[in-house]
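In what follows, a structure is listed as structure tokens, so that the remarks can point back to it.
4 protein chains.
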Amino acid sequence: MSRATPMSPVDRRAQLLSAARVVFAERGFHNAGVAHIIREAGVARGTFYNYFDSKRVIFNDVLAGVMVDLVAGVKPIDVQADIPTQAREIVRAIVSAALQPHVARLLFAEAVGVDAEGDAALRDFYATGLSRIEVALGVGNALGIVRDGDMRLAARCLLGMVKENVFMAALLEEPLDPDALVDELYAFMTGGLLRVGAR
Amino acid sequence: MSRATPMSPVDRRAQLLSAARVVFAERGFHNAGVAHIIREAGVARGTFYNYFDSKRVIFNDVLAGVMVDLVAGVKPIDVQADIPTQAREIVRAIVSAALQPHVARLLFAEAVGVDAEGDAALRDFYATGLSRIEVALGVGNALGIVRDGDMRLAARCLLGMVKENVFMAALLEEPLDPDALVDELYAFMTGGLLRVGAR
Amino acid sequence: MSRATPMSPVDRRAQLLSAARVVFAERGFHNAGVAHIIREAGVARGTFYNYFDSKRVIFNDVLAGVMVDLVAGVKPIDVQADIPTQAREIVRAIVSAALQPHVARLLFAEAVGVDAEGDAALRDFYATGLSRIEVALGVGNALGIVRDGDMRLAARCLLGMVKENVFMAALLEEPLDPDALVDELYAFMTGGLLRVGAR
Amino acid sequence: MSRATPMSPVDRRAQLLSAARVVFAERGFHNAGVAHIIREAGVARGTFYNYFDSKRVIFNDVLAGVMVDLVAGVKPIDVQADIPTQAREIVRAIVSAALQPHVARLLFAEAVGVDAEGDAALRDFYATGLSRIEVALGVGNALGIVRDGDMRLAARCLLGMVKENVFMAALLEEPLDPDALVDELYAFMTGGLLRVGAR
DNA sequence: GATGAATGAGGTTTCATTCAT
DNA sequence: CATGAATGAAACCTCATTCAT
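Residue numbers (the working numbering), protein chains in the order written: chain R, 6 to 204; chain A, 6 to 204; chain F, 6 to 204; chain X, 6 to 204.
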């Protein structure tokens, strides 16, 4: 059989990771097989194991990459500048990243329950993100921009609003307009949903 | 091995479903085997297949049960009565049901990607629930209780806030006080999070 | 569950045998299950084992019945009477019996290889039948009615001609006219097929 | 367990087919397991499934091979040359092929009733062979070499004579002298069995 | 005698991983 | 480094048989 073009180890690793991301996104962890990944990468079985110790390991690496992408757009908040605008930007960045094809499904569903170690990684990821939001909310509260309340729960609410919309769009294979979502989220954050005063 | 006391088919079915719910919740669909279920139920392999055609089938049935439990507490809104109170009650009902051990993980993560048919069932479930919420929001909007906006997105935001909190509590194996969550959700719904006017 | 009408043991046995003959004929030994038989008989699982020790045993009994039917029409040859007519009658009797629905398949195919004991029974059956034919041929030879030759092989040829036609009719689910077959067989027996002298 | 020396896929496939032919012939389709085949081949379970999708598939392939072997010796009849000699040769070729160890049992018994698809393949095989014989007889009849009669039935008679002898030899695990059989068949074909005129 | 729930050995198939070439 | 044939543990499922009621 013809032998694949030799390639720098770094590149071959990247190639495999990329193939794996596609495959895992399309089929999920359990329904994807090493066979799918190597076919996508055009590489032999043994080659795969020259670069990754196991399917679990490459999945972890794929996930880590996704997480990095997801967080990449999130800049620390500059207290001096306009807060709401910055919030909009953060949400937009996250939403855009999460809307990459099937990233949502990968992250929100398939990543759960692969194994204990994977769950721990996921926990850490969410914990980090959530605690950053929580801190931001705390700061905002101190500045009088954020109302009082349980900031941990509030942070999860924010995350949940984003995740659910992205997840549902993925599940229904439905396009999602980031601007519309950002608008709605913003409205939600600034005024809630109910007009209780109006009663 | 000693033979299990014969049991009415209805009871045995229920027992198997119950065992399966525990097992699937603990290990997820893919990491659970029929072996785990029958060990949990204290029953032989063949007995399992006397009641369910396959692992997939019993998983579907478990999931259907969970969904029923989840929806059971949701009463239709009485427009005459106090709306906010009713909203509180609905949220509380859902949260309580979702906090049943491991229900969250089952529903929010393990159910995704089992197979095409399963995904369809999940889509239907969420679609039904979301459209109910959407309708309720539409009615509220007509009554002047709910602000204007994209009610589909808003409905998903609401669902997401609940799901994320329940899911995180499950993932972190952390207790979740339904009242605290309901309070927070209620605050969110009535006033959002940011005091933009206050700037 | 309602209990089947009590029945004399003899009748119940007959009922089960009859159901089993139908089922085995339709599906063969390996593709038929005890479940099929008891459903056909309208009887509970346990009842089956009150009358037969195993699936193998009832299959043997069914086969024995078929063999009896098959041999029933074969009368000993009366040397005083017209031999060819008697041969016709014998062939006709066998063909008619074998044409009972699916008997052919049961006897010629499914019966082989069930297990060692079954093969032995089959061997005995054929051995008995064939040696009768062989003896008859030997007698005929002594009387000058049958040509010389290896009468054992000749007997098998005769049997094979009948079996193959019956078997093919069964395999093709094609009707088979016993008279046409008897005519052809008779022509074969009296004159062969080739007109060598005619060359 | 020590690892089998890697082998070219073509060879390994052939080896597995050969092992399967032995096993199926000895035990039949239903009583043979993949376990038997791989033990015979000295290969691991997974290896088997690298080459054949299922037990059914390899059985089909074995059967197809047997059929090819069986037909291999059958040359088209040359009308110019001596017909009876050619007929002798054809019969001898078929008999020799069928006498390969256990081929008879495989083809005449085990192949029946495996499943609908298998039955269809078998039907096709016999149908093809029989129609060739039938055509040959028709030609012979036109040439005045073959007597009148129902050539379809006659063809089956011929086939049946061969099959039965081969089958009985296999069932009784008795040697069969091809020449003696050919002689007997030839005598049968040229002069039948009965001396009716002699009466 | 009849019932049918329960059994579990045994069969088929999958797929992550190994290792000789 | 790359290759791909080989591995075998582990999963799913069937069905003849048993036995408490």
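For each residue, glycine too, the CB sits at the ideal point set by N, CA and C.
With a 10 Å radius around the Cβ and a threshold of 16 neighbouring Cβ atoms, K80/R comes out exposed. Along the region 72-91 of chain A, the positions whose C-beta sits under 7 Å from a C-beta of chain R are P89, read in chain order. Residue burial annotation: L111/A is buried, with at least 16 other C-beta atoms found within 10 angstroms of its C-beta. Shown here, V119/R sits in coil according to DSSP, grouped into three states, outside any helix or strand. Taking a cut-off of 8 Å on C-beta distances, the region 55-70 of chain R does not touch the region 83-103 of chain R, as fewer than three cross pairs fall below it. Interface residue (Cβ-Cβ distance to chain X less than 7 Å): T195/F is classified as such. Under the three-state reduction of DSSP output, L68/R falls in the helix class.
Taking CB atoms only, L199/F has a neighbour in chain X less than 7 Å away.
For the region 20-90 of chain A, the full-length alpha helix (DSSP H) segments reaching 4 residues or more read 39-46, 50-56, 60-77 along the chain. Chain order gives no chain X residues near D58/F, where near means a beta carbon separation below 9 Å; the closest approach is about 20 Å. Shown here, L199/X sits in a strand according to DSSP, grouped into three states. Sixteen is the threshold: since fewer than 16 other Cβ atoms of the shown chains lie within 10 Å of the Cβ of L148/F, the residue is exposed. N170/A belongs to the set of residues whose beta carbon lies under 7 Å from a beta carbon in chain R. For the pair A24/F and R44/F, the Cα-to-Cα distance works out to about 9 Å. With a 10 Å radius around the Cβ and a threshold of 16 neighbouring Cβ atoms, E179/R comes out exposed. For D129/A and R161/A, the gap between their C-alpha atoms comes out near 14 Å. Taking a C-beta cut-off of 8 Å against chain R, none of the residues of the region 6-22 of chain A qualify. Straight across, the Cα-Cα distance linking A114/A with N170/R is about 15 Å.
Counting every other CB atom within 10 Å of its CB across the protein chains shown gives E122/F a total below 16, marking it as exposed. The beta carbon of G51/A does not come within 7 Å of any beta carbon belonging to chain R, so the residue lies off that interface. With the criterion set as a beta carbon lying under 7 Å from some beta carbon of chain X, the members of the region 31-45 of chain F are G33, H35, N36, in sequence order. Its Cα nearest to that of Y54/F, the residue L21/F stands out among S13/F, L21/F, E31/F. Residue burial annotation: V73/X is exposed, with fewer than 16 other C-beta atoms found within 10 angstroms of its C-beta. Residue pairing by DSSP places V151/A opposite L199/R in a beta bridge. When C-beta atoms of the region 150-161 of chain F are compared with those of the region 190-197 of chain X, three or more pairs fall below 8 Å, so the two segments count as touching. Only L142, G145, G149, I150, V151, R152, G154, D155, L158 from the region 137-158 of chain F bring a Cβ to less than 8 Å from some Cβ of chain X. In the DSSP assignment, A114/F falls outside any alpha helix (DSSP H), carrying neither H nor E. Taken in chain order, the complete alpha helix (DSSP H) segments of 4 residues or longer contained in the region 119-190 of chain X are 121-147, 156-176. Contact between V28/A and A37/A holds: CB atoms are separated by about 5 Å, below the 8 Å threshold.
Interface annotation for the region 105-123 of chain X against chain F: R110, F113, A114, E115, A116, V117, G118, V119, D120, criterion Cβ-Cβ distance under 9 Å. The DSSP-derived three-state label of A9/A is coil. By the Cβ neighbour-count rule, R50/A is exposed, with fewer than 16 other Cβ atoms within 10 Å of its own. By the neighbour-count criterion, in which 16 or more other beta carbons inside 10 Å mark a residue as buried, R17/R falls on the buried side. The beta carbon of G47/F sits no closer than 7 Å to any beta carbon of chain X. Between G118/X and G145/F, the C-beta gap is not smaller than 7 Å, which leaves the two residues out of contact. Here the C-alpha atom of P183/F lies approximately 13 Å from the C-alpha atom of M166/F.
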